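Residue numbers (UniProt numbering): 1 to 198.
C-beta atoms are modelled at their ideal positions from N, C-alpha and C, and glycine is treated no differently.
Just so we're clear, the structure is a prediction, and the values are computed from it rather than from any experiment.
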């Protein structure tokens with residue numbers, strides 16, 4: 001049997017994908033993980049902390065990728081287009097998996113406000129990928145690999161906004177498939193964005 005911490009992450013991820021974040025209690029997560037609610041709170045101080053752990057450990061990673069590229073954007077001869085394509089691909093996958101989990105928050109405004117405040121208190125939230133991508137694009141601008149007049153925050157918002165919108169518009173539960181696979185979408189998005197900032 002897996003360690004309790006791993007079972008809790010798995011149970012939370014599975015329940016949130018099927019039932020939704022807002023409708024799932026920590027008691028239900030503990031039951032699905034075959035542990036006590038007290039054991040759950042031993043590892044995670046709150047439902048929001050558990051949510052952040054699920055995003056980090058069970059969904060496609062976005063933050064570490066952007067941080068790695070910002071540290072050395074041209075490593076191995078990588079172009080800006082290649083970097084943006086990889087970021088867009090990961091972002092599209094991340095939002096496709098996180099959107100169904102978090103969507104139920106938007107139905108309950110008080111819960112959403114409490115959840116977002118807890119995420120801010122932990123130093124995370126939906127704004128962090130935009131800020132990280134903005135920082136990466138500033139590194140590229142400073143290196144002369146994109147236009148010196150490029151609005152890096154707007155570019156970051158456009159790229160990640162497109163990836164989030166794809167997840168919203170083509171949520172798997174709706175049954176409508178996107179017109180492009182993730183790789184084709186990511187490459188086209190990177191090329192289009194670079195037309196404005198190259």
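Backbone CA spacing between residue i and residue j [nearest angstrom]
{"i": "residue 17", "j": "residue 121", "result": "24 Å"}
{"i": "residue 150", "j": "residue 51", "result": "34 Å"}
{"i": "residue 152", "j": "residue 103", "result": "28 Å"}
{"i": "residue 134", "j": "residue 171", "result": "26 Å"}
{"i": "residue 187", "j": "residue 53", "result": "29 Å"}
{"i": "residue 87", "j": "residue 65", "result": "7 Å"}
{"i": "residue 8", "j": "residue 38", "result": "12 Å"}
{"i": "residue 169", "j": "residue 92", "result": "12 Å"}
{"i": "residue 5", "j": "residue 23", "result": "21 Å"}
{"i": "residue 191", "j": "residue 81", "result": "7 Å"}
Spatially closest choice to residue i from the options, by CA coordinates
{"i": "residue 162", "options": "143, 101, 148 and 178", "result": "178"}
{"i": "residue 85", "options": "197, 193 and 175", "result": "193"}
{"i": "residue 25", "options": "74, 118, 75 and 48", "result": "48"}
Beta-carbon proximity check, residue i vs residue j, cutoff 9 Å
{"i": "residue 166", "j": "residue 116", "result": "no"}
{"i": "residue 21", "j": "residue 129", "result": "no"}
{"i": "residue 143", "j": "residue 74", "result": "yes"}
{"i": "residue 1", "j": "residue 28", "result": "no"}
Cβ distance (whole Å) where residue i is taken to contact residue j below 8 Å
{"i": "residue 30", "j": "residue 36", "result": "6 Å"}
{"i": "residue 197", "j": "residue 146", "result": "5 Å"}
{"i": "residue 136", "j": "residue 69", "result": "6 Å"}
If we count Cβ pairs, one from each stretch, closer than 8 Å, do we get three or more for the stretch 109-120 versus the stretch 179-189? no
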